[in-house]
Amino acid sequence: MPENDASPPPERQSPIDPADPRRLWFFLSYSRSSGPTNGRGESDRLVKQLFDDLNETVAELTTESELPRHAPAGFLDQEDLRSGAHWRDRLAFGLATCRVFVPLYALRYFDSPECGREWNAFTTRQLNDMAHGYSGREGIVPILWTPVEPGNLPEVVSSIQLAGPPFPASYSRYGVFGLLRMGGRFRADYRWTVHHLAERIVEVGRVARPAPGPLVPYDRFGSSFGLNGGTGEGRRVQLTVVAPPRTDCPPERSKVFYGGDPRDWKPYHPVSPHPIADHAGRVVQNLDYRPEIRDFSADSGALLADRPPQAPVVLLIDPWAAVNPPLADRLATLDSQRKGWIGAAVAWSETDQESRSAEDTLRRALNDVLSRRLEDCRRVSRAAANGLGTLEEFTTELPHVVALAVRRFFGSADSSMPLEPPGSRPRLGGPPPPTTGSLSIPPLDDPEESP
Numbered sequence: 009m010p011e012n013d014a015s016p017p018p019e020r021q022s023p024i025d026p027a028d029p030r031r032l033w034f035f036l037s038y039s040r041s042s043g044p045t046n047g048r049g050e051s052d053r054l055v056k057q058l059f060d061d062l063n064e065t066v067a068e069l070t071t072e073s074e075l076p077r078h079a080p081a082g083f084l085d086q087e088d089l090r091s092g093a094h095w096r097d098r099l100a101f102g103l104a105t106c107r108v109f110v111p112l113y114a115l116r117y118f119d120s121p122e123c124g125r126e127w128n129a130f131t132t133r134q135l136n137d138m139a140h141g142y143s144g145r146e147g148i149v150p151i152l153w154t155p156v157e158p159g160n161l162p163e164v165v166s167s168i169q170l171a172g173p174p175f176p177a178s179y180s181r182y183g184v185f186g187l188l189r190m191g192g193r194f195r196a197d198y199r200w201t202v203h204h205l206a207e208r209i210v211e212v213g214r215v216a217r218p219a220p221g222p223l224v225p226y227d228r229f230g231s232s233f234g235l236n237g238g239t240g241e242g243r244r245v246q247l248t249v250v251a252p253p254r255t256d257c258p259p260e261r262s263k264v265f266y267g268g269d270p271r272d273w274k275p276y277h278p279v280s281p282h283p284i285a286d287h288a289g290r291v292v293q294n295l296d297y298r299p300e301i302r303d304f305s306a307d308s309g310a311l312l313a314d315r316p317p318q319a320p321v322v323l324l325i326d327p328w329a330a331v332n333p334p335l336a337d338r339l340a341t342l343d344s345q346r347k348g349w350i351g352a353a354v355a356w357s358e359t360d361q362e363s364r365s366a367e368d369t370l371r372r373a374l375n376d377v378l379s380r381r382l383e384d385c386r387r388v389s390r391a392a393a394n395g396l397g398t399l400e401e402f403t404t405e406l407p408h409v410v411a412l413a414v415r416r417f418f419g420s421a422d423s424s425m426p427l428e429p430p431g432s433r434p435r436l437g438g439p440p441p442p443t444t445g446s447l448s449i450p451p452l453d454d455p456e457e458s459p
């Protein structure tokens, strides 16, 4: 294979047709109440009123070709919908297809793991667009449900601007919840606010339109709101690239996947033109952590040293590193140490013909030098241990490896990898389970479902 590949990246493939009329203009994400007994039943009723008004107004502002007649403009997840057999499918479909994500900002919203997962599910699509070389234009239109001070916003959302003029001052002071609850002279302000929010949703939806994502259960996503422990310096996550530079590739391996620095490794070339470390850093930032990207060749001494860890670590592993003697020796030494705060994820592109041709050799080599750590990784992601075949799979599964390393780092009682049963030497191989589970695309005509 030549070192330079001038062919254009292939067309992106998705299980969902971007022109499918079931694609939604917006997904309304909100913190659900736990019922009327805690006084928040009114909040859910008012959310439904806002959703209905937005749904109607967006429909009026779009064309027949943009939104077919009688098709819903938006999606709202409510408790009565959850009684149906296909609510998980509809929720996953809404997050995977919507043009615009509309979160209702409130203090409770940013305390909710469910809301953090919904945010992550949508923004993961944006990250994949950026990694594929397409624009990462914003597709998020936040709505102020109740007033939130900027200092109370998670870092991951702080760069997204809330709407200013032409919204009335009462919107900033009371939020939509206050405008709806007080009524009276605020009814006109509420109608004005809804109309301009709908205009903004349509404007953003016509421009941003992130590519549809895979149908993944939303509970497979971690929260983007930093709910897993650590603040400030404690929110660091070290991403360590285990790959050779271009100059150390074996003769049978094309140099087009590598650069002058190991951190330039691009395992999903030509589908993604960017180093995987940069993409992994954005994935970690989307979990409200602060990534530090390192090179295993330069940093292995610190990882192997007998001293307290400074941060959770995730190894981003090139299968060809296992047949590189210096890297393989260090990996084998690391595998003999029970440092549970060091996770691992193997990036193994399903379109990489060289790696597929050498699969038996590479898997044996990985098993020889890193089997214990990869077996530990299988606790949270079989795909990350066996090889992440696509960029989308990498984006979806990496957070589970990060979460395990973070839990081990902050929990001293669980900071070591478990001991293996005697005589068990785990083997690599075997297809990972599908990340989409049993989800299916919901039907256009959704009949009434029985609980």
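9 is the number of the first residue of the sequence shown in the working numbering; add one for each residue after it.
Built from N, CA and C at the ideal position, the CB exists for glycine as well.
Item: Endpoints, beta strand (DSSP E) assigned at P155; Value: Segment: none, P155 is in no beta strand (DSSP E) and carries neither H nor E.
Item: N-terminal and C-terminal residue of the alpha helix (DSSP H) that D303 is part of; Value: No alpha helix (DSSP H) holds D303; the beta strand (DSSP E) holding it covers R298 to D303.
Item: 8 angstroms Cβ cutoff met for L323 and A352; Value: yes
Item: As assigned by DSSP and simplified to three states, the class of D389; Value: Note on identity: in this sequence residue 389 is Ser, with Asp being the wrong assignment. Residue state, collapsed to three classes: coil.
Item: C-beta contact flag for G213 and W33 at 8 angstroms; Value: yes
Item: Span of the alpha helix (DSSP H), counted from its first residue to its last, around V519; Value: What the structure shows of the chain is the stretch from 9 to 459, and residue 519 is not part of that stretch, so it cannot be assessed.
Item: Length of the line joining the Cα atoms of I209 and Y266; Value: 41 angstroms
Item: Rounded separation between T248 and I301 - CA only; Value: 6 angstroms
Item: Contact under 8 angstroms by Cβ, P278 with A355; Value: no
Item: Contact between the segment 217–225 and the segment 93–113 (3+ Cβ pairs under 8 angstroms); Value: yes
Item: Meets three-Cβ-pair contact criterion under 8 angstroms: the segment 113–120 and the segment 138–153; Value: yes
Item: Start and end residues, beta strand (DSSP E) containing S37; Value: F34 to S37
Item: Counted within 10 angstroms of its Cβ, other Cβ atoms place V250 as buried (16 or more) or exposed; Value: buried
Item: Which of helix, strand or coil DSSP assigns to Y142; Value: coil
Item: Separation of C257 from G437, as counted between CA atoms; Value: Residue placement at G437 is poorly supported in this model, since its pLDDT is 40, which falls under 50; the coordinates are not used for a value here.
Item: Own chain partners of S178 with C-beta closer than 8 angstroms, once the 5 adjacent residues on each side are dropped; Value: G186, L187, F194 and D197
Item: Spatial neighbours of I284 in its chain, beta-carbon cut-off 8 angstroms, leaving aside the 5 residues before and after; Value: V249, W273, K274, P275, Y276, L324, A355 and F402
Item: Cutoff 7 angstroms; reference L75; Cβ partners in own chain excluding five residues on either side; Value: W33, A67 and A81
Item: Same chain, Cβ closer than 6 angstroms to V388, five either side skipped, listed in chain order; Value: H408 and L412
Item: Coarse secondary structure for Q57, derived from DSSP in three states; Value: helix
Item: Candidates S231, S365, D119 and R364: closest to Y297 by CA position; Value: S231
Item: For F83, the residue or residues it bridges with in DSSP; Value: F35
Item: R353, enclosing beta strand (DSSP E) - first and last residue; Value: According to the sequence shown, residue 353 is Ala rather than Arg. Residues I350 to V354.
Item: E362 and R261 closer than 8 angstroms at C-beta; Value: yes
Item: Nearest neighbour of W200, chosen from S305, L295, D269 and L62 [CA to CA]; Value: L62
Item: 8 angstroms Cβ cutoff met for T404 and T65; Value: no
Item: Alpha-carbon spacing of E126 relative to V410, whole angstroms; Value: 18 angstroms
Item: Option nearest S305 by Cα separation, candidates R189, L339, N160 and P299; Value: L339
Item: Same chain only: Cβ atoms within 8 angstroms of V108, ignoring 5 sequence neighbours per side; Value: W33, F34, F35, G147, I148, V149, I209, V212, G213 and A216
Item: Q246 - DSSP class collapsed to helix/strand/coil; Value: strand
Item: Residues that F109 bridges to, as DSSP identifies them; Value: F35 and I148
Item: Nearest-angstrom Cα separation, counted from S167 out to A391; Value: 32 angstroms
Item: Proximity winner among R315, V291 and R381, relative to D137 (alpha-carbon distances); Value: V291
Item: Beta-ladder partner(s) of L396, from DSSP; Value: A355
Item: DSSP state of I209 mapped onto helix, strand, coil; Value: helix
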